[in-house]
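Residue numbers (our numbering), protein chains in the order written: chain A, 728 to 1002; chain B, 35 to 168.
Where a beta carbon is used, it is the ideal one built from N, C-alpha and C, also for glycine.
Quick caveat: nothing in here was measured; it's all calculated off a predicted structure.
Below: one structure, written as structure tokens.
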């Protein structure tokens, strides 16, 4: 039996390690800092929101950028958010800080000349391949090969592989994108960030789910079940669920990544509690 | 004697894509299907994400082209991986590494060689060019 779900840092009014009524505590600390110049209150807020910074930074450390560096960069965004926060506006600090932290991380990537955006040519080829896989699977009555895809797309095999690899990078990035939506998902999920994610909302039915599974939405759980318990292939799942095979592939990868991230967070939390 | 491709790369996650591209290149060369490639790459990704490698060492990926399919060896791994593989989580608990690999490939073995433990995955192809998903 899984332990009761604790509020995720991303859930509205999430506790972030603060007991009792976090919103009030945040607000009190913010007032103490902004109205009374209490620097200690500011430091406490920074400390409380570090798990949020860490979670956001973890999503973008896939580029080989050291996680700790990104946490430092994210902290700058957090401090800016705390300093600029208007206590008299009815906004939660989490809501205000999240886009600030992500903005700082994005700026960091931009300054280093590492565009998060996938080159347009590869984006287009990836979309084209997704359609071709559907068409060729029907036409050939089997999954197409890489040479067949290259021929159909009039590109080299290496370009096909590169475009497919782009899709993998995207699936990692898209951890931060909403899980619903169709195949025409925005290829730059960073652009859509800044809002709290509905899948992280804690609901009653998820409270009893094991670590990992509870971060998945219904469709993601269904797809994992079909693939790993019913043994359906990606194309069979695509047919059943009514989305493209490439989208199934992305959803499977994203679901597994989300589960791993959640389990890792749980483990870290348990270790912290034990120490 | 089967053809063998060997790649050694740093543990850093940013190099995982290089390993995936090598698997992709082999799939293109041997005309494996997209679904077959997806299975191989997902199995590799899951192993690399597991982090059960010897501390401080690079990761080595070996691909062996056999008559009836491909064998993929990844290592050296720590004994912790054995425990992870044995944990065939039931449905209510999610998808563990054991369950995942059992779906994606035909056989999963841990072997001792070169002073360490290696994970050997075998995936069969019904016939070249029409390689189906597991």
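Touch test, the stretch 140-157 of chain B against the stretch 35-51 of chain B, Cβ-Cβ under 8 Å, three pairs minimum: no
Bridge-paired residues (DSSP) for residue 37 of chain B: As a position in the second chain, residue 37 of chain B is number 3, starting the count at 1. Looking at the DSSP assignment, residue 37 of chain B forms a beta bridge with B:99.
C-alpha gap between residue 854 of chain A and residue 809 of chain A, whole angstroms: The residue labelled residue 854 of chain A in the question sits at position 127 within the first chain. The residue labelled residue 809 of chain A in the question sits at position 82 within the first chain. Taking the straight line from one Cα to the other gives about 41 Å.
Minimum C-alpha distance to residue 82 of chain B - residue among B:71, B:137 and B:94: Residue 82 of chain B sits at position 48 when you count from the first residue of the second chain. Residue B:94 is the option with its Cα nearest to residue 82 of chain B.
Cross-chain neighbours of residue 134 of chain B in chain A, by beta carbon under 8 Å: Within the second chain, numbered from 1, the residue matching residue 134 of chain B stands at position 100. Residues of chain A passing the Cβ test: 955 and 983.
Within-8 Å CB hit, residue 101 of chain B to chain A: Within the second chain, numbered from 1, the residue matching residue 101 of chain B stands at position 67. Chain A, which has no Cβ nearer than 8 Å to the Cβ of residue 101 of chain B, makes this no.
Residue 884 of chain A burial status per 10 Å Cβ neighbour count (16 or more: buried): Numbered from its first residue, the first chain carries residue 884 of chain A at position 157. Looking at its Cβ environment, which holds 16 or more other Cβ atoms inside 10 Å, residue 884 of chain A is buried.
Distance, residue 44 of chain B Cα to residue 886 of chain A Cα: Working through the first chain from its first residue, we reach residue 886 of chain A at position 159. Working through the second chain from its first residue, we reach residue 44 of chain B at position 10. Approximately 25 Å between the Cα atoms of the pair.
Within chain A, partners of residue 137 of chain B - CB distance below 7 Å: To locate residue 137 of chain B, count along the second chain from 1; it is residue 103. Correct list: 954, 955 and 958.
Sheet register partners of residue 106 of chain B (DSSP bridge): Residue numbering aside, residue 106 of chain B sits at position 72 when the second chain is read from its first letter. For residue 106 of chain B, which the question treats as bridged, DSSP gives the partners B:97 and B:155.
Where the alpha helix (DSSP H) through residue 781 of chain A begins and ends: Locating residue 781 of chain A in the first chain gives position 54, counting from the first residue. Its alpha helix (DSSP H) spans residues 777-787.
Beta bridge counterpart(s) of residue 144 of chain B as assigned by DSSP: Position 110 of the second chain, counting from 1, holds the residue named residue 144 of chain B. Its beta-bridge partners are B:153.
CB contact below 8 Å: residue 871 of chain A versus chain B: Locating residue 871 of chain A in the first chain gives position 144, counting from the first residue. Output row for residue 871 of chain A: interface = yes.
Residues bridged to residue 42 of chain B [DSSP beta-bridge criterion]: Numbered from its first residue, the second chain carries residue 42 of chain B at position 8. According to DSSP, which records beta bridges pairwise, residue 42 of chain B is partnered with B:94.
Continuous alpha helix (DSSP H) stretch holding residue 795 of chain A: start and end: Numbered from 1 along the first chain, position 68 holds the residue referred to as residue 795 of chain A. First-last of the alpha helix (DSSP H) with residue 795 of chain A: 794-811.
Local Cβ density within 10 Å of residue 956 of chain A, reported as buried at 16 or more and exposed below that: In the first chain, the residue the question calls residue 956 of chain A occupies position 229. Burial call: exposed.
Rounded straight-line distance, which links the Cα of residue 828 of chain A to that of residue 803 of chain A: On the first chain, residue 803 of chain A is found 76 positions in, with the first residue counted as 1. On the first chain, residue 828 of chain A is found 101 positions in, with the first residue counted as 1. Distance between the alpha carbons of residue 803 of chain A and residue 828 of chain A: 7 Å.
Beta carbon proximity, residue 874 of chain A to chain B, threshold 8 Å: Here the question's residue 874 of chain A lines up with position 147 in the first chain. Yes - at least one Cβ of chain B is within 8 Å of the one on residue 874 of chain A.
Opposing strand residues paired with residue 872 of chain A [DSSP bridges]: By one-based count along the first chain, residue 872 of chain A stands at place 145. Answer by DSSP bridge pairing, in chain order: B:67.
Residue 63 of chain B versus residue 57 of chain B - alpha carbon distance: Against the second chain, residue 63 of chain B aligns to sequence position 29. Against the second chain, residue 57 of chain B aligns to sequence position 23. One C-alpha to the other measures close to 10 Å.
Boundaries of the alpha helix (DSSP H) in which residue 864 of chain A is found, first to last residue: Residue numbering aside, residue 864 of chain A sits at position 137 when the first chain is read from its first letter. From DSSP, the alpha helix (DSSP H) with residue 864 of chain A extends over 847-867.
Chain B contact for residue 759 of chain A (CB, 8 Å cutoff): Locating residue 759 of chain A in the first chain gives position 32, counting from the first residue. Chain B contact via Cβ: absent.
Residue 882 of chain A, DSSP secondary structure in three states: The sequence position of residue 882 of chain A within the first chain is 155, counting from 1. Here residue 882 of chain A sits in coil by DSSP.
Residue 95 of chain B at chain A interface by Cβ criterion, 8 Å: Here residue 95 of chain B refers to the residue found at position 61 of the second chain. No, because no Cβ of chain A sits closer than 8 Å to the Cβ of residue 95 of chain B.
Of the listed residues B:67, B:75 and B:103, nearest to residue 135 of chain B (C-alpha basis): Numbered from its first residue, the second chain carries residue 135 of chain B at position 101. For residue 135 of chain B, the nearest C-alpha among the options comes from B:75.
Residues from the stretch 53-72 of chain B in contact with chain A, defined by Cβ distance under 8 Å: 54, 55, 58, 59, 61, 62, 65, 66, 67, 68, 69, 70, 71 and 72
Assigned secondary structure, residue 56 of chain B (DSSP; H/G/I helix, E/B strand, else coil): Translated into the one-based positions of the second chain, residue 56 of chain B becomes position 22. Of the three classes helix, strand and coil, the one that applies to residue 56 of chain B here is helix, per DSSP.
Local conformation of residue 818 of chain A per DSSP, three classes: On the first chain, residue 818 of chain A is found 91 positions in, with the first residue counted as 1. It is coil, neither helix nor strand.
Same chain, Cβ closer than 8 Å to residue 52 of chain B, five either side skipped, listed in chain order: Position 18 of the second chain, counted from the first residue, corresponds to residue 52 of chain B. The residues are 41 and 43.
Nonlocal neighbours in the same chain, by C-beta distance under 8 Å from residue 780 of chain A, ignoring five residues either side: Position 53 of the first chain, counted from the first residue, corresponds to residue 780 of chain A. Cβ neighbours of residue 780 of chain A beyond the five flanking positions: 798, 801, 802, 804, 805 and 828.
Pair within 8 Å by beta-carbon distance, residue 985 of chain A and residue 943 of chain A: Taking the first chain and counting its residues from 1, the one referred to as residue 985 of chain A is at position 258. Taking the first chain and counting its residues from 1, the one referred to as residue 943 of chain A is at position 216. Cβ distance < 8 Å, so residue 985 of chain A and residue 943 of chain A count as in contact.
CB contact flag (residue 777 of chain A, residue 768 of chain A, <8 Å): Looking up residue 777 of chain A in the first chain gives position 50. Looking up residue 768 of chain A in the first chain gives position 41. Cβ distance not < 8 Å, so residue 777 of chain A and residue 768 of chain A don't count as in contact.
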